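Beneath this line is the structure, given in structure tokens, with notes to follow.
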Amino acid sequence: MNRKIHVIVLACCVGICQIGWGQTLKSYRQVIPNSTVAFDMQAIPSGTLFLGSPNAEVGRNADEGPQQKINLEAFWMGKTEVTYDEYQLFFEEDRDPAPKPAKEGPDAITRPSPPYIDFTLGMGKVGGYPANSMQHFAALMYCKWLYAKTQIFYRLPTEAEWEYACKAGGKGAYSSLNVNEKLEDYAWIATNSGDKYHLVAQKKPNAWGLYDMLGNVHEWVLDQYEPTYSSNKQAHHAIFKDKYADAVVRGGSYRDEVKMARSASRLAADPVWNRRDPQEPKSKWWNADAPFVGFRIMRPVKQPSPEEVRAFFDQYLKDY
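full-length UniProt numbering puts the first residue of the sequence shown at 1, with every later residue one more than the last.
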């Protein structure tokens, strides 16, 4: 049976959003403590999303509906996909600056098994390339590690949060694409990527200042896959069934044609992404055949208590 798991969520110009009571939500840069590695979080205003795609949208798949109206509170979204520079601090412990997260106890952080091949396939690592080839579990554990380092709660966005941030107030199929612009101006897809991912933030951002929401690498979201949107799907709920269910990636990748790089396009994880894994059982950390998969993080306005954070990660990580 599907379980609805409650997750904490939180006039706008790019970088500053009005959130009521005279308060503003501002974009900011987060430095990972005791390192020179930093990432940018973009302020996303509250508003309304028509989740999914209309029946007449070109390239539409049946799992993008039924379309429904969802209200969202303001939050922060990663300005770019998580980069290799950021992710490397997590999966290579010798690079992780002190204080290191605990290895035992309720807040313990486990690290990925060492990569058994070069998952980048020579496409690029440090310097701003997107982290790639991780499993859904690994993306979630990175969020837990990041909380241990910063004491700020970051997580994967829900499908609704991701699509809302991608569309950036627009209603078209391709984010905030303007008249006379091409998708290739905003995204690395099959027609312009050269069959490889690229440095983040090289294309135009969408209307809310987010880069590479479409193309480059697919992005994990919090939800597990279901073939249609349930009638009571909400922004602050993620679909979670069990450890055998497939998680969802969004946004298309450098390998995809235009129709897969639409704001409403969804894709369930596929076991074929890890078919060459030499380990038995298969790794819960890496996807040996998915250099086209990465992720992006979000942060809610209202920060949960340490107890709530622990409960969140217990819920999402325990079934793996």
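Don't be surprised by glycine CBs; every beta carbon is placed ideally from N, CA and C. The structure displayed is predicted, hence computed values, not measured ones.
- The segment 61 to 81 and the segment 189 to 202 touch, with no fewer than 3 CB-CB distances between them shorter than 8 Å.
- If you draw a 10 Å sphere on the C-beta of residue 300, you find 16 or more other C-beta atoms in it, and that means buried.
- Taking 8 Å as the upper bound for CB-CB distance, residue 120 and residue 291 are in contact here, some 7 Å apart.
- Boundaries of the beta strand (DSSP E) harbouring residue 76: 75 to 78, taken from the DSSP string.
- Taking the Cα positions, residue 260 is about 40 Å away from residue 100.
- 158 is the residue among 41, 158, 53 whose C-alpha sits nearest the C-alpha of residue 238.
- Going by beta carbons, residue 15 and residue 209 fall inside the 8 Å limit.
- Judged by beta-carbon spacing, residue 143 lies beyond the 8 Å limit of residue 129, meaning their Cβ atoms are not closer than that value.
- Cα atoms of residue 117 and residue 279: separation of roughly 12 Å, rounded to the nearest angstrom.
- Residue 259 sits in a helix when the DSSP states are folded into three classes.
- For the pair residue 285 and residue 249, the CB atoms are not nearer than the 8 Å cut-off.
- With respect to residue 133, residue 293 sits close: the two C-beta atoms are nearer than 8 Å.
- When C-alpha distances from residue 161 are compared across 72, 277, 305, 311, the shortest belongs to 72.
- By the neighbour-count definition (other C-beta atoms within 10 Å, threshold 16), residue 269 is a buried residue.
- By the beta-carbon neighbour count (other beta carbons within 10 angstroms, threshold 16), residue 230 is exposed.
- Residue 60 sits away from residue 91, with the two beta carbons spaced by 8 Å or more.
- Residue 303 sits in coil when the DSSP states are folded into three classes, being neither helix nor strand.
- Around the Cβ of residue 152, a 10 Å sphere holds fewer than 16 other Cβ atoms; the residue is exposed.
- Of the candidates 276, 107, 207, the residue whose Cα lies closest to the Cα of residue 288 is 276.
- DSSP, reduced to helix, strand and coil, places residue 164 within a helical segment of the structure shown.
- For residue 225, no alpha helix (DSSP H) encloses it, and the DSSP letter there is neither H nor E.
- In terms of CA proximity to residue 302, 75 leads the group 146, 31, 75, 44.
- Counted as a single uninterrupted DSSP element, the alpha helix (DSSP H) harbouring residue 137 occupies residues 136 to 150.
- Setting aside the 5 residues that flank it on each side, residue 264 is surrounded in the same chain by 52, 53, 64, each with a C-beta closer than 6 Å to its C-beta; the list follows chain order.
- A direct Cα-Cα distance of roughly 13 Å separates residue 135 from residue 217.
- Cβ neighbours of residue 257 within its own chain (closer than 6 Å, five residues either side excluded): 190.
- Under the DSSP assignment, residue 116 falls outside any beta strand (DSSP E); it carries neither an H nor an E label.
- Take residue 175, set aside five residues on each side of it, and the residues of its chain with a beta-carbon closer than 7 Å to its own are 166, 167, 168, 186, 206, 213, 214, 263, in chain order.
- When secondary structure is reduced to three states using DSSP, residue 71 falls in the strand class.
- Contact between residue 149 and residue 32 holds, since their C-beta atoms are separated by about 6 Å, short of 8 Å.
- Pairing residue 77 with residue 296 gives a Cβ-Cβ distance under 8 Å.
- Going by C-alpha positions, residue 177 is about 7 Å away from residue 183.
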